[in-house]
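Protein chains: 2
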Amino acid sequence: MKKTENLDFLFHPRSIAIAGVSDRAEKFSFGLKFFEALTQFGFAGKLYPVNPTGGKINGAAIYKSVKDIPGEVDFIISAIPAPFTPQLVDDAAAKGVRAIHFFTSGFGEIEDADGKRLQAEIIARAEKGGIRVVGPNCLGLYCPAGGLSFNGDFDKTAGRVAMISQSGGNAAHCIHDGTSRGLYFSKVISMGNGADLNEADYMEYLTRDTETKIITAYLEGAREGERFFRALQSASEAKPVIILKVGTSGPGAQAAVSHTTALAGSDQIWEGVLSQTRAIRTGSIEEMVDVALAFEHMPAPAGNRIVIVGIGGGASVLLADAFSLAGLELPPLSDVLRRRLMEIFPSEAGRIFKNPIDLNHFETPEKFFSVLGALDQFHEADMLAVHVAFDHFGLISSQEKEFWVDTFLELICQAKKNLKKPAAVILHSFSSASMNALAHRAARKLAASGIAVFPSVSRGALALGRFARYHAK
Amino acid sequence: MKKTENLDFLFHPRSIAIAGVSDRAEKFSFGLKFFEALTQFGFAGKLYPVNPTGGKINGAAIYKSVKDIPGEVDFIISAIPAPFTPQLVDDAAAKGVRAIHFFTSGFGEIEDADGKRLQAEIIARAEKGGIRVVGPNCLGLYCPAGGLSFNGDFDKTAGRVAMISQSGGNAAHCIHDGTSRGLYFSKVISMGNGADLNEADYMEYLTRDTETKIITAYLEGAREGERFFRALQSASEAKPVIILKVGTSGPGAQAAVSHTTALAGSDQIWEGVLSQTRAIRTGSIEEMVDVALAFEHMPAPAGNRIVIVGIGGGASVLLADAFSLAGLELPPLSDVLRRRLMEIFPSEAGRIFKNPIDLNHFETPEKFFSVLGALDQFHEADMLAVHVAFDHFGLISSQEKEFWVDTFLELICQAKKNLKKPAAVILHSFSSASMNALAHRAARKLAASGIAVFPSVSRGALALGRFARYHAK
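Sequence lines, in order, name chains L and Y. Using the working numbering, read the first sequence as starting at 1 and increasing by one per residue. Using the working numbering, read the second sequence as starting at 1001 and increasing by one per residue.
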């Protein structure tokens, strides 16, 4: 059994060498991409491009070897072809480098046995040279606090959600989905084949990492099953851990092996393992972000009872079904609460004073605030959800609808500040071009006010159901 | 048992009177909304606004009573308060009107017994006067071919999908979702309480309607259970029928009663009933549109075997799981096909030549066309899906990504023309603002070329799984 290591050094290097940066414009150079990404992202330390042909890039010299670099090198990103990697490891060891991220692929994940041999070779040389390896066959690290990114366009806001990912594409998607919805990251690790540092190492590290409050993970399999299980158990006792475990089908498991050498394992075994931890299992990257958003923005609920309010009879039926299916209870409104609603509105005609509450038309901002105030006082519910059904307003024009929905969203932002109950907003049914654009703008605005926003009835229900179940354990 | 009636007259009136049109600017008038919607939508027949206070609207006279209208009146839309509706029915009977749509609510759906009495009253008077009733408590009819709409902004394209909806909001959402994705409608009926014409009447009518090729329905319950079951059985033998049956939970069933008086019935009974028909059950409005799109744009597949191609290793694993879960088979690539792929590309490094196929970088349009051509010839698969994972491209900038994805989508449009296999496109993982906008633009463009496009891995899998299962029956 390996011992837990503090991996802080991976995320805060003072200098990075990038092997495989080409200055020849006609050639697509992955090394150049990493160089440009770090430059654009604003990495504050030293960046050293490396290529045996030498030359210059943006006025800076390209070093022919890592050994030629004048200053110290903490970290290397390798984008050179696989056959040249053993030499790179030896040069790195000679230079006193602490870690190498191999973007390079063509190792354990390909069918050719040479790939597996080469992978064993570089890992052995790295171990001998005291170097830790990220990958190979991965996009590497995103850490806004350390100025690290594999994409210059990623959001630069540092947050407190970490992600371990056995897919660079899914990591990129998670970063985009999270940051566009107000969820920011401490550390994201695209770990590829995990030939040295693997999912267990990262899980153990993140459990202790004070910059990380929530851990998410996209997993195709685990290389050290028992160790990973223990790591997951400890991690999920310490902080919320949200998992997307894939490769559950035969074809999915086969794809996982070709992708990152991961042995998916039987889904029954995984279900059994996960049930012995507090980890929360989800079905997609978006659902993982949904649950993380609840933990990020909502206080712990006392139970699983929720009261829902918004506009639309058909929407209310859909909400009631979805929330019930997700294991949440919709308590009937108390007589006190019904009386209060009857005071606020002249009549129930066109409205439904059950749970979910259909306000139809709420008439004035004051009345809307009064309703939310009354619901906040409704002690039979542990949580509150407000929903907006964008394309459900049948009779009014797109223009009126935009004005009206904008007003409603503004009121929600204002009202949210005074609520004591854990509250969420569900924006749903935005299909038309204008409502889709409005819903996305609105979601970003609400998110910026620290509100957990879900983009469909079923995803809102699933996320809040999982959130409540976690707190019931 | 009522006898089936040809309801064409509902959808092609030559003249419509709207009761409850107010010209007073300070008063929100639902009648005025219907008047404006029909005007904007381009209803070609005569429109007569009615209000006991008289006046003028857009220069046209407001009639004090239906009886004062000089010409014939085929159809009335009522937006007057419930207590005045019995008189309206009598006036309509005197005028020889054939049908009334009651937008008016405050009938069977409210808790007050007076509502139920009033509903029985208007239905009795209508029957006596030879008038059929749509509603009450609903948005009514959308029929582009007849110039009918309850919203002037709806798409004016006539299509061949019908919808029966026990919710106006969900009908509006379905119309927006469908038309924005290239699915157009013959007739949409928001039917409310269904006090006279109910879901069985509409289902029987649409079964025979030559303008309708696909029937969709949002159902909270059925008023004449046995008759509806027989209607559904016949309808689903005649054409694809896609159902969203809600009120499956206790709270959902209660909401349904308050919404449109529908008794939801036990979900087990519904499952049993549906299993004796060819109707396809879905879980949301969007999923209903997904399945309808497959029927609209794809020829019948010979079986449930699908080959998937696109870019991204992590995406491939997600696709494999979701498609397997949805009951689709992913046959392994034949040796012939693998050899063909090896001819097209120099190496499998970075690619995965399994099913799903990960092309990573397809290098040239010619190579992409060659791949699709080879897959079209792959006889172990009955269907083909191409996927685009928008936010998965980790290393390239948003700008490059836009250019690149646009090119890819253009190629898909071109390639689709030559494919013989039923083929679909899955656009997924678009979270960043730029990719979300691009994905929606792309979806509309592909849809305009007659391609079935699904906006997530799981929804694509579900829709194609349901589509294949229907054809296997």
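The C-beta atom is built at its ideal place from N, Cα and C for all residues, glycine as well.
| Check | Outcome |
| --- | --- |
| Own chain partners of L/Leu-118 with C-beta closer than 8 Å, once the 5 adjacent residues on each side are dropped | Ala-82, Pro-83, Thr-85, Pro-86, Gly-106 and Phe-107 |
| The segment 1068-1075 of chain Y / the segment 1008-1018 of chain Y touching (three or more Cβ pairs under 8 Å) | yes |
| Within 9 Å, strictly: CB atoms of Y/Asp-1290 and Y/Ala-1463 | yes |
| CB-CB length for L/Val-388 against L/Leu-359, believed under 8 Å | At roughly 11 Å, the Cβ-Cβ gap does not stay under 8 Å, so L/Val-388 and L/Leu-359 are not in contact. |
| Contacting residues, own chain, Cβ-Cβ under 6 Å from L/Ala-145 (five flanking each side not counted) | Ala-158 |
| Y/Tyr-1142 - DSSP class collapsed to helix/strand/coil | strand |
| Residues bridged to Y/Phe-1353 (per DSSP) | Y/Ile-1357 |
| CB-CB length for L/Glu-220 against L/Val-246, believed under 8 Å | 6 Å |
| Under 8 Å by beta carbon: chain L residues contacting Y/Val-1317 | Ser-167, Glu-220, Val-246, Gly-247, Gly-252, Ala-255, Ala-256 and His-259 |
| Environment of Y/Glu-1363 [buried if 16+ CB atoms lie within 10 Å] | exposed |
| Span separating the alpha-carbon of L/Ile-311 from that of L/Phe-393 | 9 Å |
| First and last residue of the uninterrupted beta strand (DSSP E) at L/Thr-216 | 214-219 |
| Cβ contact (3+ pairs, closer than 8 Å) linking the segment 1136-1145 of chain Y and the segment 1185-1196 of chain Y | yes |
| Contact with chain Y by L/Asn-151, beta-carbon distance below 9 Å | yes |
| Cβ neighbour criterion (16 or more within 10 Å) applied to Y/His-1440 | buried |
| Cβ neighbour criterion (16 or more within 10 Å) applied to L/Lys-473 | exposed |
| Three CB pairs or more closer than 8 Å across the segment 1340-1357 of chain Y and the segment 1312-1323 of chain Y | yes |
| Short CB-CB distance (under 9 Å) between L/Gly-42 and chain Y | no |
| Assigned secondary structure, L/Tyr-184 (DSSP; H/G/I helix, E/B strand, else coil) | coil |
| Minimum Cβ-Cβ distance from Y/Glu-1286 to chain L less than 9 Å | yes |
| Beta-carbon proximity of Y/Tyr-1184 to Y/Asp-1155, cut-off 9 Å | yes |
| L/Ile-242: first and last residue of the uninterrupted alpha helix (DSSP H) it sits in | Where L/Ile-242 is concerned, there is no enclosing alpha helix (DSSP H), although the beta strand (DSSP E) it sits in stretches over 241-245. |
| Cβ-Cβ distance between Y/Ala-1385 and Y/Val-1307 below 9 Å | yes |
| Member of Y/Glu-1402, Y/Pro-1049, Y/Asn-1436 and Y/Leu-1446 whose CA lies at the smallest distance from the CA of Y/Ile-1412 | Y/Leu-1446 |
| Y/Gly-1055 - DSSP class collapsed to helix/strand/coil | coil |
| Residue-chain proximity (Y/Met-1001, chain L), Cβ-Cβ < 9 Å | Bear in mind that a pLDDT of 42 at Y/Met-1001, under 50, signals an unreliable position, so the number given afterwards is only what the model happens to contain. Output row for Y/Met-1001: interface = no. |
| Contact under 9 Å by Cβ, Y/Ile-1280 with Y/Pro-1240 | yes |
| Contacts around L/Gly-130, its chain only, beta-carbon distance under 8 Å, and the 5 residues preceding and following it disregarded | Ala-93 and Arg-98 |
| Distance CB(Y/Leu-1325)-CB(L/Thr-407) smaller than 9 Å | no |
| Cutoff 6 Å; reference Y/Ser-1431; Cβ partners in own chain excluding five residues on either side | Asp-1391 |
| Test item: CB-CB of L/Gly-20 and L/Phe-30 under 9 Å | yes |
| Cutoff 9 Å: L/Arg-281 Cβ touching any chain Y Cβ | no |
| Members of the segment 5-39 of chain L that neighbour chain Y once the beta carbon cut-off is set at 9 Å | Phe-28, Phe-30, Lys-33, Phe-34, Glu-36 and Ala-37 |
| Y/Lys-1361 to L/Ser-65 span [Cα, whole Å] | Just to set this straight, residue 1361 of chain Y is His in the shown sequence, not Lys. Using only the alpha carbons, I get a separation of about 29 Å. |
| Within 7 Å of chain Y by C-beta, residues of the segment 352-382 of chain L in sequence order | Ile-352, Lys-354, Asn-355 and Pro-356 |
| Option nearest L/Ile-80 by Cα separation, candidates L/Ala-253, L/Ala-44, L/Ile-57 and L/Leu-32 | L/Leu-32 |
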